[in-house]
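In my numbering, the protein residues as written are 41 to 344. Positions of the beta carbon are idealized from the N, C-alpha and C atoms, including for glycine.
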């Protein structure tokens with residue numbers, strides 16, 4: 041079998057051909073009903089509905105199996121929670137009154153059949169959403185970014201050490217790294233020292249800080265408020281704070297990211313122990329995020 045025979049396009053074309061064949065079979069069944077034979081017409085109507093339901097179910101299962109096989113082939117983590125279509129007709133009882141009405145007017149589909157069809161359609165749509173959500177999770181920007189960073193770290197015998205996303209991620213990540221290299225410092229102390237350094241070196245940093253509402257450079261009053269926020273709130277830390285932390289700790293800070301090469305802030309301190317962080321653009325909806333790293337430990341439950 042060629043690669044084309046394993047493609048999604050090939051599968052969809054196959055489904056299209058089978059649907060056309062079914063329509064031809066349906067036409068034959070309809071022509072087999074004699075005019076005025078209500079019983080036969082009802083039996084044919086039910087038979088047609090069953091054939092269409094069986095074909096839809098088989099097509100859904102084949103498409104689900106194909107998509108799952110493609111996810112598995114990527115080598116990325118997969119979940120085993122995708123629910124494949126089930127037989128929806130086993131727990132549905134026909135309503136005798138509805139069937140009697142259908143017999144009296146064979147042109148109409150019974151209410152019981154409509155309920156079954158509606159439930160089957162809802163289940164197919166639900167399964168499709170689950171598959172799409174699973175594919176988005178595996179192939180989405182967040183997961184691809186994490187997998188890229190993990191691969192970089194594994195080559196260094198390292199792994200991600202997750203830091204909470206609470207506005208303090210940069211400072212908590214640095215605090216964790218300081219514990220690793222044997223010079224622990226609390227989050228509160230890091231924020232205080234960062235704010236003090238910013239206040240004492242206004243000319244070095246003020247030109248690079250702008251008002252998010254106007255894009256104008258901060259006024260001196262706004263700059264002082266910025267420093268206060270660094271010290272006493274959960275204000276997120278970025279490139280400016282990275283430079284300050286490198287200076288007050290007198291050590292280089294390496295930032296590993298999925299896009300581009302890792303970069304080092306404070307490379308003038310090369311003789312000192314280095315701090316390593318990971319930078320994630322897509323980890324959380326609220327914005328960028330910093331994590332720390334630790335020595336690699338293989339997770340027996342995680343696929344390689």
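With 16 other Cβ atoms within 10 Å as the buried cut-off, status of residue i
i	result
residue 298	buried
residue 76	exposed
residue 133	Legend: pLDDT at residue 133 = 49, less than 50; position of this residue unreliable, value from coordinates given subsequently. Residue 133 is exposed by the Cβ-count criterion.
residue 85	buried
residue 257	exposed
residue 237	buried
residue 267	buried
residue 242	exposed
residue 65	exposed
residue 57	exposed
residue 165	exposed
residue 80	exposed
residue 31	It is not possible to answer for residue 31, since the shown part of the chain is limited to 41 through 344.
residue 153	buried
residue 61	exposed
residue 185	buried
residue 306	buried
residue 100	buried
Beta-carbon proximity list for residue i, same chain, < 8 Å, skipping 5 on both sides
i	result
residue 274	206, 207 and 208
residue 3	Given that the chain is displayed from residue 41 to residue 344, the structure contains no residue 3 and the question cannot be resolved.
residue 204	212
residue 324	205
Length of the line joining the Cα atoms of residue i and residue j
i	j	result
residue 331	residue 105	36 Å
residue 270	residue 234	7 Å
residue 155	residue 194	54 Å
residue 72	residue 53	29 Å
residue 265	residue 255	17 Å
residue 150	residue 89	11 Å
residue 292	residue 285	9 Å
residue 336	residue 94	50 Å
residue 188	residue 102	31 Å
residue 190	residue 49	33 Å
residue 22	residue 192	Limits of the chain in this structure are 41 at one end and 344 at the other, which puts residue 22 out of reach.
residue 227	residue 288	14 Å
residue 131	residue 161	Because residue 131 carries a pLDDT of 47, less than 50, the predicted location of this residue cannot be relied on, and the following value inherits that uncertainty. Rounded to whole angstroms, residue 131 to residue 161 spans 16 Å at the Cα level.
residue 253	residue 159	50 Å
residue 346	residue 322	Since the first residue of the chain shown is 41 and the last is 344, residue 346 is not available in this structure.
residue 222	residue 244	30 Å
residue 279	residue 327	14 Å
residue 55	residue 180	28 Å
residue 248	residue 200	30 Å
residue 229	residue 47	58 Å
Close Cβ partners of residue i (< 7 Å) along its chain, the five nearest in sequence each way excluded
i	result
residue 290	309 and 312
residue 231	211, 270 and 271
residue 262	251
residue 69	84, 87 and 88
residue 225	215 and 218
residue 51	102, 103 and 106
Candidates the options: closest to residue i by CA position
i	options	result
residue 339	74, 198, 96 and 48	198
residue 213	60, 322, 87 and 281	281
residue 196	181, 296 and 329	296
residue 98	152, 59, 229 and 74	59
residue 157	201, 185, 96 and 202	96
residue 202	184, 306 and 329	329
residue 63	91, 324, 283 and 180	91
Any non-hydrogen atom of the ligand PLP within 7 Å of residue i CB
i	result
residue 215	As for the ligand PLP, it is missing from this structure, which has no ligand bound.
Other residues of its chain near residue i: CB distance less than 6 Å, five sequence neighbours each side excluded
i	result
residue 294	302, 304, 314 and 316
residue 276	207
residue 246	263
residue 239	267
residue 220	none
residue 259	none
8 Å Cβ cutoff, residue i in contact with chain B
i	result
residue 316	In the structure shown, chain B cannot be found, because there is only a single protein chain.
At 4 residues or longer, and completely inside the segment 182-242: list those alpha helix (DSSP H) runs for me, N to C. 209-220 and 227-240
In the segment 275-335, which residue ranges form an unbroken beta strand (DSSP E) of at least 3 residues, counting only runs that do not cross its ends? 293-297, 303-305, 315-324 and 327-335
Unbroken stretches of the beta strand (DSSP E), 3 residues or longer, contained in the segment 49-74: none
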